[in-house]
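Going by my numbering, the sequence shown opens with residue 421, and the numbers climb by one from there. Even for Gly, the Cβ is constructed at its ideal location relative to N, Cα and C. Every value quoted in this text rests on a predicted model; they were computed, and no experiment measured them.
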Amino acid sequence: MTVDDDVAAKLRAEVRRTGQSLKYVVNHFLRLGFSSRRPLRPPSRFVVKSRRLGLRPGLNYNIGELLEQVEGALHR
421 MTVDDDVAAK LRAEVRRTGQ SLKYVVNHFL RLGFSSRRPL RPPSRFVVKS
471 RRLGLRPGLN YNIGELLEQV EGALHR
């Protein structure tokens with residue numbers, strides 16, 4: 421197994437700090453990494469609750485009235 425230089429440096433530092441063997445330190449951190457993994461499961465379904473909002477006060481869907489308001493009585 422080959423490790424990157426930065427990983428090797430961290431492993432050597434941990435060996436010096438703890439006084440444990442390189443094999444022990446590598447196995448220890450591999451076990452930590454494997455035990456901290458979360459199980460892969462699909463994310464929970466995203467649900468949006470709908471509700472009736474109705475028409476906004478002052479909002480008019482009558483096109484004829486809207487044209488008359490914007491363009492005046494002579495829009496026809």
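Cutoff 7 Å: residue i Cβ touching any chain B Cβ
{"i": "L473", "result": "Going by chain labels, chain B is absent from the structure shown, which holds only one protein chain."}
Euclidean distance between Cα positions of residue i and residue j
{"i": "A429", "j": "V435", "result": "10 Å"}
{"i": "V490", "j": "S464", "result": "48 Å"}
{"i": "S470", "j": "L460", "result": "30 Å"}
{"i": "F466", "j": "V427", "result": "39 Å"}
N- and C-terminal bounds of the alpha helix (DSSP H) containing residue i
{"i": "G453", "result": "442–455"}
{"i": "G484", "result": "483–491"}
Three-state class that DSSP yields for residue i in the structure shown
{"i": "L475", "result": "coil"}
{"i": "T438", "result": "helix"}
{"i": "K467", "result": "Here the sequence assigns Val to residue 467, which means Lys is not the residue at that position. Coil at V467, not helix or strand."}
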